[in-house]
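Take a look at the structure set out below.
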Amino acid sequence: MPVLPTRFTTGLLIGALATGLATATAASLAAPSAARPATPPSVTAAASVSFHLTPSSKQLAKCMPKSDVDIKVSLTTDAVGFDTFAISASGLRGNRAFTVFLLQRADSPFGAAEYIGDITTDSKGRATNQFGLIVQEAFSSTLVSGKRVRVDLNRVGMWFADPAGDDFCLGAGKGAVTPFDGDDEAGVQAFNSLKAKALPAP
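The sequence shown maps to residues 39 to 240 in the working numbering.
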């Protein structure tokens, strides 16, 4: 017949288990925590540049006296392969589409140009958009007299996308029809970065 454990033996077993649990818990608390991995470069705060676009003529400035066009470029090409070009506008003519270009020169004759996107204002003249593209190292490469030439595109311009888009200010049919849209027909340049610093060089 098996012998039943006494109260004394049972107490010893319980005490031993409690002591072991306490020792393990203390050791776990005393152990140093694992070092956190370094934050990947792709999620660190990127360098950026911000500036304003201003009306391209005194007449346009009078027609849109409260215009405000802000540009912020996050320079993330090294981390993700492209920069982020964010544009925010207010005080523009309502329900208008505008084309956005990187330029060799901010004002006429503009030189080389790259079409990068559109913004369209709401009924209150506000618009925002964001484009992913190479900005800091943007350039045009072409042949001049048989020699390849590089031209940096470090200025910004905006055009009325529709030739009639500037009629409210210049008069019906009085504004020039320009080629600054995908269908080769746009209105005059509305805003540019002439009064801002050029975008940073590579």
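All C-beta atoms in this analysis are idealised placements derived from N, C-alpha and C, irrespective of residue type, glycine included.
What's the C-alpha gap between residue i and residue j?
i      : j      : result
Asn230 : Thr159 : 17 Å
Asn192 : Val173 : 8 Å
Ala234 : Pro103 : 19 Å
Ile91  : Leu232 : According to the sequence shown, residue 91 is Leu rather than Ile. Between Leu91 and Leu232, the C-alpha separation is close to 8 Å.
Ala199 : Ser112 : 26 Å
Arg164 : Arg186 : 41 Å
Arg134 : Pro93  : 15 Å
Val223 : Arg143 : In the sequence as presented, Val is not what sits at residue 223; that position holds Glu. Their Cα atoms are separated by approximately 20 Å.
Gly203 : Gly213 : 9 Å
Asp205 : Gly184 : 42 Å
Gln168 : Val182 : 34 Å
Pro201 : Phe120 : 32 Å
Cys207 : Val107 : 18 Å
Ser161 : Ser126 : 15 Å
Leu98  : Arg131 : 11 Å
Hey, out of the options, whose CA is closest to residue i's CA?
i      : options                           : result
Asp116 : Gln227, Ser161, Ser86 and Val215  : Ser86
Val226 : Gly209, Ser179 and Ala234         : Gly209
Lys279 : Ser88, Phe89 and Ser105           : In this structure the chain extends from 39 to 240, so residue 279 is not present and cannot be described.
Leu171 : Val138, Gly129, Gly149 and Ala214 : Val138
Thr166 : Ala214, Ala124 and Gly149         : Ala124
Val194 : Phe148, Gly203 and Thr122         : Phe148
Ser146 : Trp197, Ala239 and Phe206         : Trp197
Ile109 : Cys101, Leu181 and Phe89          : Phe89
Gly155 : Leu237, Leu130, Leu98 and Thr122  : Thr122
Phe177 : Ala239, Ile157 and Phe136         : Ala239
Bridge partners of residue i, per DSSP?
i      : result
Ser86  : Ser112
Asp156 : Thr137
Query - Length at least 3, wholly inside the segment 88-151: the beta strand (DSSP E) runs in chain order - result: 106-112, 121-128 and 135-141
Requested in this report: Mind listing, in chain order, the continuous beta strand (DSSP E) runs of no fewer than 3 residues lying wholly within the segment 160-239?
Outcome: 165-171, 177-182, 185-190, 193-198 and 227-230
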